[in-house]
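Here is the structure we will look at.
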Amino acid sequence: MFNCHVHTSFSSDCNMGINEAIEVLNEKKLGVIITDHMDLGLCEDGRFTFDVKEYFNEYEKYRNDRLLLGIEIGMTKDYKNENKKIALNSPFDYVLGSLHVVNGFDPFYDEYYVGKNKKEAYEEYFLCMLENIKIYDFIDCLGHIDYIARYGRFEDKEIYYDDYKDFIDEILKIVAQRDISIEINTRRLEDKVAYENLYNIYKRFKELGGKIVTIGSDSHKAIDIEKNLNEALKMIKDLKLTPVYYKNRKAVEYSI
Numbered sequence: 273m274f275n276c277h278v279h280t281s282f283s284s285d286c287n288m289g290i291n292e293a294i295e296v297l298n299e300k301k302l303g304v305i306i307t308d309h310m311d312l313g314l315c316e317d318g319r320f321t322f323d324v325k326e327y328f329n330e331y332e333k334y335r336n337d338r339l340l341l342g343i344e345i346g347m348t349k350d351y352k353n354e355n356k357k358i359a360l361n362s363p364f365d366y367v368l369g370s371l372h373v374v375n376g377f378d379p380f381y382d383e384y385y386v387g388k389n390k391k392e393a394y395e396e397y398f399l400c401m402l403e404n405i406k407i408y409d410f411i412d413c414l415g416h417i418d419y420i421a422r423y424g425r426f427e428d429k430e431i432y433y434d435d436y437k438d439f440i441d442e443i444l445k446i447v448a449q450r451d452i453s454i455e456i457n458t459r460r461l462e463d464k465v466a467y468e469n470l471y472n473i474y475k476r477f478k479e480l481g482g483k484i485v486t487i488g489s490d491s492h493k494a495i496d497i498e499k500n501l502n503e504a505l506k507m508i509k510d511l512k513l514t515p516v517y518y519k520n521r522k523a524v525e526y527s528i
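Those letters in the sequence shown? Residues 273 to 528, per the working numbering, in order.
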């Protein structure tokens with residue numbers, strides 16, 4: 273099994289060294305792809321970006337068949353060209369595209385929700401994701417479709433497919449038609465309601481022709497590298513999707 277979404281100390285919100293990740297993958301017989309944050313424009317002081325040359329200088333010696341080097345690019349229209357250059361001009365194994373900023377605001381923070389009810393906040397989020405996935409045609413995988421459900425400032429934060437199906441379907445169609453993958457992010461899979469609602473989204477992905485998925489814990493601590501991986505495996509088996517990881521920007525299927 274491969275965990276295709278693991279952060280290390282090259283991410284501004286993570287203190288885990290790569291050796292801690294290596295200890296876990298050796299102990300648990302996992303494969304891991306390092307995906308540190310590249311969120312251009314998110315912070316004026318340059319946080320949530322990293323020096324790509326330094327990254328490879330530091331980590332290349334660790335790269336092998338079970339430890340691969342990727343990047344998590346924060347998708348924004350304003351920095352699309354810069355992100356494309358980074359993705360295509362560097363020897364990454366894997367480029368994960370994620371939405372962290374919606375019209376200048378990160379749904380992690382209160383400011384995003386000011387003056388919005390849940391429907392407005394979530395529709396704006398999915399519309400922004402749709403606009404970005406249309407132009408980010410150089411990524412390998414769409415990350416954590418449910419990012420907003422982690423942080424929503426509502427009593428019920430959950431994403432119910434039927435409430436946003438027009439947006440979600442268009443996003444899933446693009447991913448399926450490009451034959452790229454969608455990430456099954458394990459962060460919330462221990463929650464039964466979250467699992468059921470994410471299951472409905474990935475089921476729809478399958479119905480729309482989607483085939484391949486990655487598993488990613490989005491871990492920032494060694495203890496979380498294994499988090500809810502078995503729940504993701506169960507979902508993949510039930511939906512008859514194909515798990516992959518990426519090496520040299522190519523999807524590699526594996527059995528579970």
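No residue lacks a Cβ here, since even glycine has one placed at the ideal position from N, Cα and C.
Owing to the predicted nature of the structure, the values given are computational and were not obtained by experimental measurement.
- Item | Candidates 384, 499, 386, of which the one nearest residue 459 by Cα | 499
- Have a look at residue 465 and residue 438 and give me their C-alpha separation to the nearest angstrom. 21 Å
- Message: Would residue 488 and residue 286 qualify as a contact pair, given that the criterion is a beta-carbon distance under 8 Å?
- Response: no
- Starting from residue 440 and walking both ways along the alpha helix (DSSP H), at which residues does that stretch end? 437-450
- Query: Taking buried to mean at least 16 other C-beta atoms within 10 Å of its own C-beta, is residue 412 buried or exposed?
  - Reply: buried
- In the structure shown, what three-state DSSP assignment does residue 500 receive? coil
- So what does DSSP say about residue 310, is it helix, strand or coil? strand
- Other residues of its chain near residue 539: CB distance less than 8 Å, five sequence neighbours each side excluded: Nothing can be reported for residue 539, as the shown portion of the chain is limited to 273 through 528.
- Are the CB atoms of residue 457 and residue 424 nearer to each other than 8 Å? no
- Query: Buried or exposed: where does residue 541 fall if 16 or more other Cβ atoms within 10 Å of its Cβ makes it buried?
  - Reply: Lying outside 273 to 528, the shown extent of the chain, residue 541 is not represented and no answer is given.
- Do residue 539 and residue 492 have their C-beta atoms closer together than 8 Å? Residue coverage of the chain in this structure runs from 273 to 528, which leaves residue 539 outside it and unanswerable.
- Task: Specify whether the segment 501-520 and the segment 472-490 touch according to this definition: at least 3 beta carbon pairs, one from each stretch, less than 8 Å apart.
- Result: yes
- Message: Can you tell me whether residue 350 is buried or exposed? The criterion is at least 16 other CB atoms within 10 Å of its CB, across all chains shown.
- Response: exposed
- Where the alpha helix (DSSP H) through residue 518 begins and ends: Per DSSP, residue 518 belongs to no alpha helix (DSSP H); it is in the beta strand (DSSP E), 514-519.
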